[in-house]
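Structure first, commentary second.
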Amino acid sequence: LILFSSVLTFTTSPTQLTDAMERIMKPLQVLHVKVHEIAMMMTIALRFVPTLLEETDRIMSAQKARGADMESGGLRQRVKSLIPVLIPLFVSSFRRAYDLAMAMECRCYHGGEGRTRMKQLHMTGLDAAAVAVAAVFCAGVVLCAALFPASLH
212 LILFSSVLTF TTSPTQLTDA MERIMKPLQV LHVKVHEIAM MMTIALRFVP TLLEETDRIM
272 SAQKARGADM ESGGLRQRVK SLIPVLIPLF VSSFRRAYDL AMAMECRCYH GGEGRTRMKQ
332 LHMTGLDAAA VAVAAVFCAG VVLCAALFPA SLH
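Each residue of the sequence shown is one higher than the one before, counting from 212 in our numbering.
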């Protein structure tokens with residue numbers, strides 16, 4: 212999941228991600244679901260994963276440079292040694308979220324109101340094939356989990 216989101220965010224622009232997610236969820240508008248807002252939140256979350264991983268690595272490196280031992284001891288000790296990593300990570304994440312919210316507010320972002328698109332998206336045969344492959348893969352995983360429950364542990 213992390214590898215997928217990293218590759219996706221490094222190869223696809225935020226506009227393309229939002230437009231694609233919005234297009235996929237478009238049928239939900241019949242139920243008065245705010246599709247654009249959900250697509251925007253999902254895009255921001257996906258774009259945030261690689262940044263969060265880099266930040267975690269940077270903080271862990273800094274803690275190790277200060278002499279923190281995060282790999283020895285039992286499970287309880289290792290979890291306890293992550294507290295000095297998690298606190299700065301949360302602070303940094305909240306700061307980034309606040310900065311993003313302020314930037315969106317300053318640019319008068321109000322969701323999809325009156326939004327026009329430079330490029331209209333259309334489903335192609337390749338897109339349909341990718342959806343079919345993903346659906347077959349997911350069905351295969353569910354089927355394997357149902358047929359071989361003991362082998363998953």
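We put the CB at the ideal spot given by N, CA and C, even for glycine.
In this text the structure is predicted, and so the values were computed from the model without any measurement.
Which whole-angstrom value describes the C-beta separation of L257 and L228, a residue pair presumed to lie in contact below a C-beta threshold of 8 Å? 7 Å
Does DSSP classify H321 as helix, strand or coil? strand
If you draw a straight line from the alpha carbon of L263 to that of L219, how long is it in whole angstroms? 15 Å
Closest to P299 by C-alpha separation, out of E282, M271, A357, R287, would be which residue? M271
Where does Q240 fall in DSSP's three states? helix
D230, buried or exposed, once every other Cβ within 10 Å from all chains shown has been counted against 16: buried
Between which two residues does the alpha helix (DSSP H) harbouring K275 extend? 246-276
8 Å contact criterion, which H247 and E265 should meet: CB distance rounded: Not quite, the Cβ-Cβ distance comes to about 28 Å (not below 8 Å), so this is no contact.
What first and last residue would you give for the alpha helix (DSSP H) that runs through G351? 336-358
Closer than 8 Å by C-beta to L311: which residues in its own chain qualify, once you throw out the five before and the five after it? Chain order, please. I255
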